[in-house]
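A.B. asks: In our numbering, the protein residues as written are 16 to 530. The structure is given below, and queries will be raised subsequently.
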């Protein structure tokens with residue numbers, strides 16, 4: 016008897032419908048599987064056999080032929096257990112197959128018959144809706160994640176016995192999640208706030224400008240000056256995620272298996288802070304079974320690299336392309352995958368190996384050569400792609416001891432949102448452009464053209480600091496953001512002057528001038 020069930024294979028962020036065909040005939044108890052199934056899929060037969068035994072069913076003693084179509088797409092992971100098990104039961108006449116064409120099934124099966132969570136339930140649910148399936152059956156652990164998709168009935172099951180009863184016609188209630196209500200309730204809740212930060216007004220200003228325009232930023236200063244503390248508070252002043260951004264972000268985390276059981280939609284912008292020992296694959300994605308890397312997990316949020324010179328230089332250099340293109344293409348012999356990677360890049364570093372170069376309260380023990388070699392660990396092309404360079408000093412005791420809190424994140428966020436609204440209106444006819452950091456060269460001439468006085472200021476800065484053409488563009492983008500924060504329609508000389516002041520690391524005499 017031939018039976019078909021339906022599931023999905025996830026490649027990148029996209030799912031492809033897979034038809035599982037099972038044919039059972041009298042014979043010598045052999046099993047044949049075709050359709051580019053990997054080891055985890057082939058091992059599913061052993062899991063299914065044990066689950067049947069522990070659930071009161073007998074695995075058929077016959078010739079079983081399994082095909083997973085389309086055969087040219089590699090099938091990876093354990094999510095095929097459930098459709099395979101139901102197809103085997105139906106083909107051996109132990110399950111009514113009338114409903115199998117109406118539902119997509121995914122899930123790993125434990126030896127006791129319980130359904131275990133899988134990765135990628137959200138893109139699979141989106142594909143099930145697109146292919147007009149009546150519903151989707153998933154493990155109970157994945158139900159909140161999959162139920163985000165509108166106009167699709169999602170059934171969260173705990174065991175294969177639940178699935179069998181449902182497919183045999185017993186009623187079972189579909190899960191519905193009011194995602195919009197939960198989404199807006201969780202958006203404004205942050206555990207950290209800029210009100211906790213004493214002093215550092217110039218750094219807060221730089222972070223506000225960066226948030227308002229989506230600019231990349233690097234902070235340089237001695238240990239204990241608050242670099243990491245302020246970076247972790249950056250998401251609290253960013254504009255809230257839109258529903259479309261939240262869905263895209265949730266898809267990435269779903270494919271990577273990073274969603275918890277209680278999560279339906281990611282409501283806050285991601286903040287990723289990998290350790291400096293991270294590998295290239297972990298940063299950009301890929302691997303034998305391709306997964307999104309940290310730059311994709313930070314999509315629509317912040318990627319923070321603390322102690323930037325401690326990262327392997329080859330790892331840092333792979334950031335150059337996604338910082339420009341805002342997506343990453345991973346090409347290997349067996350696959351080619353695109354992952355989104357539109358993130359704010361924020362980094363911090365010490366000014367020298369000992370950390371106290373230019374610090375008024377600690378003596379630096381580094382030589383100029385050591386300082387220069389330390390700075391040279393970060394390449395010029397990478398620094399060019401960082402819009403704002405911000406110097407930071409340790410906070411004096413008088414500032415730390417103040418009882419009055421700093422300006423709260425909510426107030427800063429209001430100004431950032433107003434500036435972003437100006438940009439959304441400005442770029443409403445430009446597809447894929449949402450903030451000043453994403454402007455093309457042509458847009459710079461249209462929206463950030465400097466006047467004669469500003470042009471003279473820029474010329475002097477270019478000659479004195481020996482800036483590249485890319486740095487010139489970055490200055491104009493930052494100046495445009497500063498003007499938006501000020502509510503100015505035109506980019507004026509004072510906006511250009513502040514933007515030039517954020518290019519400190521472009522100065523070639525770092526080891527001689529002091530901070």
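For every residue, glycine included, the Cβ atom is placed at its ideal position computed from N, Cα and C.
Quick check: what's the CA-CA separation for residue 21 versus residue 56?
C.D. replies: Taking the straight line joining both Cα atoms gives about 15 Å.
A.B. asks: Using beta-carbon positions only, say whether residue 533 and residue 284 come within less than 8 Å of one another.
C.D. replies: Nothing in the structure corresponds to residue 533, since the chain is present only between 16 and 530.
A.B. asks: Within its chain, find whatever has a CB closer than 7 Å to the CB of residue 168; leave out the 5 residues flanking it on each side and keep chain order.
C.D. replies: These residues qualify, in order along the chain: 149, 150 and 189.
A.B. asks: By Cβ distance below 8 Å, which residues in the same chain neighbour residue 133 in space, the five residues on each side in sequence not counted?
C.D. replies: Contacts found: 92, 93, 94, 121, 122, 123, 153, 154 and 157.
A.B. asks: Considering only DSSP beta bridges, list what residue 300 is partnered with.
C.D. replies: Looking at the DSSP assignment, residue 300 forms a beta bridge with 307.
A.B. asks: Rounded to whole angstroms, how far is the Cβ of residue 350 from the Cβ of residue 305, which I believe are closer than 8 Å?
C.D. replies: With 8 Å as the limit, residue 350 and residue 305 qualify as a contact, their Cβ atoms being about 6 Å apart.
A.B. asks: Quick check: residue 90 and residue 33, are their CB atoms within less than 8 Å of each other?
C.D. replies: Yes; because the gap between Cβ atoms is below 8 Å, this pair is in contact.
A.B. asks: Mapping DSSP to helix, strand and coil, what is residue 128?
C.D. replies: If DSSP states are grouped into helix, strand and coil, residue 128 belongs with coil.
A.B. asks: Mind listing, in chain order, the continuous alpha helix (DSSP H) runs of no fewer than 4 residues lying wholly within the stretch 195-248?
C.D. replies: Within the stretch 195-248, the complete alpha helix (DSSP H) runs of at least 4 residues are 216-228 and 242-247.
A.B. asks: Spatial neighbours of residue 112 within its chain, please: C-beta separation below 7 Å, excluding the five flanking residues on both sides.
C.D. replies: Only 18 and 105 meet the Cβ criterion.
A.B. asks: Classify residue 121 as helix, strand or coil using the three-state DSSP reduction.
C.D. replies: Residue 121 falls in the coil class under three-state DSSP.
A.B. asks: Who are the near neighbours of residue 73 in its chain, counting only those whose CB is closer than 7 Å to its CB and skipping five residues on each side?
C.D. replies: The answer, listed in chain order, is 67.
A.B. asks: Taking only the alpha-carbon atoms, compute the straight-line gap between residue 361 and residue 233 and give it to the nearest angstrom.
C.D. replies: Rounded to the nearest angstrom, the two C-alpha atoms are 6 Å apart.
A.B. asks: Decide if residue 406 is buried, meaning its Cβ has at least 16 other Cβ atoms within 10 Å, or exposed.
C.D. replies: It counts as buried.
A.B. asks: Opposite residue 320 in the DSSP bridges: which residues?
C.D. replies: 362, per the DSSP bridge assignment.
A.B. asks: Beta-carbon within less than 6 Å of residue 420's beta-carbon, same chain only, minus the 5 sequence neighbours each way: which residues are those?
C.D. replies: Contacts found: 210.
A.B. asks: Just checking: is the beta-carbon of residue 233 within a distance shorter than 8 Å of some beta-carbon in chain D?
C.D. replies: The chain labelled as chain D is not found in the depicted structure, where only one protein chain is given.
A.B. asks: Which stretch, first to last residue, makes up the alpha helix (DSSP H) that contains residue 17?
C.D. replies: Taken as a continuous stretch (DSSP letters only), residue 17 belongs to no alpha helix (DSSP H), being part of the beta strand (DSSP E) at 17-26.
A.B. asks: Look at the alpha carbon of residue 392 and the alpha carbon of residue 324, and state the distance between them as a whole number of angstroms.
C.D. replies: Distance between the alpha carbons of residue 392 and residue 324: 6 Å.
A.B. asks: Go ahead and pull the three-state DSSP assignment for residue 162.
C.D. replies: Coil, per DSSP.
A.B. asks: Would you kindly report the start and end of the unbroken alpha helix (DSSP H) that includes residue 496?
C.D. replies: First-last of the alpha helix (DSSP H) with residue 496: 484-500.
A.B. asks: In this structure, how does DSSP classify residue 9 when only helix, strand and coil are distinguished?
C.D. replies: Any property of residue 9 remains undetermined from this structure, which presents the chain solely from 16 to 530.
A.B. asks: DSSP three-state call for residue 179: helix, strand or coil?
C.D. replies: Helix, per DSSP.
A.B. asks: Rounded to whole angstroms, what is the Cα-Cα separation between residue 315 and residue 370?
C.D. replies: Going from the Cα of residue 315 to the Cα of residue 370 covers about 32 Å.
A.B. asks: If you drop the 5 nearest sequence neighbours on each side, which residues of the same chain put their C-beta closer than 7 Å to that of residue 27?
C.D. replies: Here the set comprises 352, 353 and 354.
A.B. asks: I believe residue 390 touches residue 229 by the beta-carbon criterion, under 8 Å. Please report the beta-carbon distance rounded to the nearest angstrom.
C.D. replies: Contact doesn't hold; Cβ gap of about 26 Å is too wide.
A.B. asks: Quick one: any contact between the stretch 468-476 and the stretch 254-270, if contact means 3 or more CB pairs under 8 Å?
C.D. replies: Too few Cβ pairs lie closer than 8 Å, so no.
A.B. asks: With residue 462 and residue 495 assumed to form a contact (beta carbons below 8 Å), what rounded beta-carbon distance in angstroms separates them?
C.D. replies: Confirmed, Cβ separation roughly 6 Å.
A.B. asks: Tell me which same chain residues have a C-beta within less than 7 Å of the C-beta of residue 138, skipping the five on either side of it?
C.D. replies: Within the same chain, residue 138 has close Cβ partners 25, 28, 29, 30, 266, 269 and 270.
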